[in-house]
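One structure below.
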Amino acid sequence: MFAARQVFGAAQRRAFSASARANSKVTVLGAAGGIGQPLSLLLKLNPRVSELALYDIRLAPGVAADVGHINTKSTVKGYDPTNAGLRDALTGAEIVIIPAGVPRKPGMTRDDLFNTNASIVRDLAKAAAQYSPDANILVISNPVNSTVPITAEVFKSYGVYNPKRLFGVTTLDVVRASRFISQLKETDPANENITVVGGHSGATIVPLLSQSGYNLEGEKLDAYVHRVQFGGDEVVAAKDGAGSATLSMAMAGARFAESLLKAAQGQKNVIEPTFVDSPLFKDQGCDFFASNVELGPNGVEKIHPVGKITDYEQKLLDVAVGDLAKNIKKGVAWVKENP
Ligand code: NAI
278 MFAARQVFGA AQRRAFSASA RANSKVTVLG AAGGIGQPLS LLLKLNPRVS ELALYDIRLA
338 PGVAADVGHI NTKSTVKGYD PTNAGLRDAL TGAEIVIIPA GVPRKPGMTR DDLFNTNASI
398 VRDLAKAAAQ YSPDANILVI SNPVNSTVPI TAEVFKSYGV YNPKRLFGVT TLDVVRASRF
458 ISQLKETDPA NENITVVGGH SGATIVPLLS QSGYNLEGEK LDAYVHRVQF GGDEVVAAKD
518 GAGSATLSMA MAGARFAESL LKAAQGQKNV IEPTFVDSPL FKDQGCDFFA SNVELGPNGV
578 EKIHPVGKIT DYEQKLLDVA VGDLAKNIKK GVAWVKENP
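Residue numbers (the working numbering): 278 to 616.
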């Protein structure tokens, strides 16, 4: 009897916490872009989202009108590119997703986007720090290794930085790593979940294949790692000047947002890889690092360590940490000079 009451109580509490958090406003900044549009579509299909706020410097009301005809419950609103529009889009948001900025063209690295995207992200972060300081902020705009530290510095300057609520979205690296191994091993990619740590560009992306029990060797392993690290280049080259990954990125961003909403609504053991303020490599100059992170109602619940890795993976990690420290330093230095 006592046990039954306990179970019932837990179920009721879960139901309560789910309904208490049923008002989930998700804001997309850069909603009319290559990523923003399919991301908005996927968020509209998510029953955990109750309100979708779409902001861009162009076309957001049009995208909102279009997506808003989809017959799911959430309300959708597009906002004009004015200060008031940005303020209203952000106010009350539980999640703010930022895919605003320019994408790569063939031959460019993510760092080549720095000059343009740093100021876009800084300005949007300023607005978020004022109007949605308690929201989970998901940064997609590249170079993520630098735009996340920039966002953190802006939030610090407004006195509202909460390291548990700032996330660089690295989900696409895990999606790719899982898809690519399934192609080699002829497994179902839905059952693969390869751990990827480090950052989000080239050599800072470190897939830890050994942790999933795989042991590729020699050239096969080198080719696999290279494909995960530079998978984005395949898309940039194939799109031939028209941009970088948008559809797979929208899926990855929607997956991450869904995980945050699940965790906020009381689900346990929600684990996603993400680039966060992390203690793991702070002593080597990396205040931010991507590893598996358990999510909870307060954002980051627990940061998982890198865990057991092979000597080969250790070498990759050493290179990644060196590069990442430079990318982070560059972001912080830039925003201090350009507040
Ligand atoms: P896009 O050019 O198609 O769209 C960007 C959108 O941002 C445009 O609609 C533009 O009007 C808007 N925008 C620009 N400045 C803005 C501002 N100040 N406020 C609001 N909106 C603004 O680019 P795409 O393909 O959607 O990529 C966006 C970003 O995402 C790029 O920086 C790209 O490198 C990055 N990306 C990140 C990935 C990741 O894994 N984290 C994967 C793929 C792309």
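Here a beta-carbon is modelled for each residue, glycine too, at the ideal position from N, C-alpha and C.
Note that the C-beta distance between R399 and V612 is below 8 Å. Spanning the alpha carbons of A377 and G313 requires a straight line of approximately 8 Å.
Using a cutoff of 7 Å, the CB of S418 counts as near the ligand NAI, since one of the ligand's heavy atoms is closer than that. Distances taken from the Cβ of A429 to the heavy atoms of the ligand NAI include none shorter than 7 Å. When secondary structure is reduced to three states using DSSP, F565 falls in the strand class. Boundaries of the beta strand (DSSP E) harbouring I374: 372-375, taken from the DSSP string. In this chain, the beta strand (DSSP E) harbouring L415 covers 413-416.
In this structure, the beta-carbon distance from V353 to L331 falls below 8 Å. Counting only the Cα atoms, A395 lies some 25 Å from V505. With three or more CB-CB distances shorter than 8 Å, the segment 444-461 counts as touching the segment 527-541.
At a cut-off of 7 Å, the beta-carbon of Y332 counts as near the ligand NAI: some heavy atom of the ligand is closer than that. Selection V305, K302, F565 evaluated against P440 yields F565 as nearest (Cα-Cα). Setting aside the 5 residues that flank it on each side, A309 is surrounded in the same chain by D333, R335, L336, A337, V340, each with a C-beta closer than 7 Å to its C-beta; the list follows chain order. The ligand NAI approaches P380 closely enough that one of its heavy atoms is under 7 Å from the residue's Cβ. Just so you know, the alpha carbons of S487 and I586 end up roughly 7 Å apart.
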